[in-house]
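Accompanying notes for the structure given below.
Listed below in structure tokens is the structure:
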């Protein structure tokens with residue numbers, strides 16, 4: 574495997590920043606609806622054709638799911 578070039582490193586940093594922004598946005602949406610976001614994991618599952626990422630799942634710890642009567646899991 575070759576060493577990453579400076580351009581490769583810049584691309585990795587840009588993608589990491591994009592993923593971090595997506596995570597922060599998802600957590601902000603949950604927070605604004607009154608959700609407790611402690612121990613919530615955002616799973617980024619795929620990159621969209623336009624280059625953006627889509628988070629399909631927000632994983633909560635089991636104790637948090639059990640505390641929500643409207644959660645079927």
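Residue numbers (our numbering): 574 to 646. Each residue gets a CB set at the ideal place from its N, CA and C atoms; glycine is no exception. Quantities reported herein were computed from a predicted structural model and do not represent experimental measurements.
I think residue i touches residue j, with their Cβ atoms under 8 Å apart; what is that distance to the nearest whole Å?
i           : j           : result
residue 595 : residue 626 : 5 Å
Under 7 Å, do residue i and residue j count as touching if we go by C-beta distance?
i           : j           : result
residue 615 : residue 628 : yes
Taking 7 Å as the threshold (beta carbon to beta carbon), is residue i in contact with chain B?
i           : result
residue 602 : Any reference to chain B falls outside this structure, which holds one protein chain only.
For residue i, which residues from the same chain have a beta carbon less than 8 Å from its beta carbon, with the 5 sequence-adjacent residues on both sides left out?
i           : result
residue 577 : 585
residue 727 : Only positions 574 to 646 of the chain appear in the structure, and residue 727 is not among them; the question remains open.
Note down, in chain order, each residue of its chain lying with its Cβ closer than 7 Å to the Cβ of residue i, except the 5 sequence neighbours on either side.
i           : result
residue 598 : none
residue 621 : 627
residue 582 : none
Tell me which residues share the same chain as residue i and place their Cβ nearer than 6 Å to its Cβ, disregarding the 5 neighbours each side in the sequence.
i           : result
residue 603 : 610
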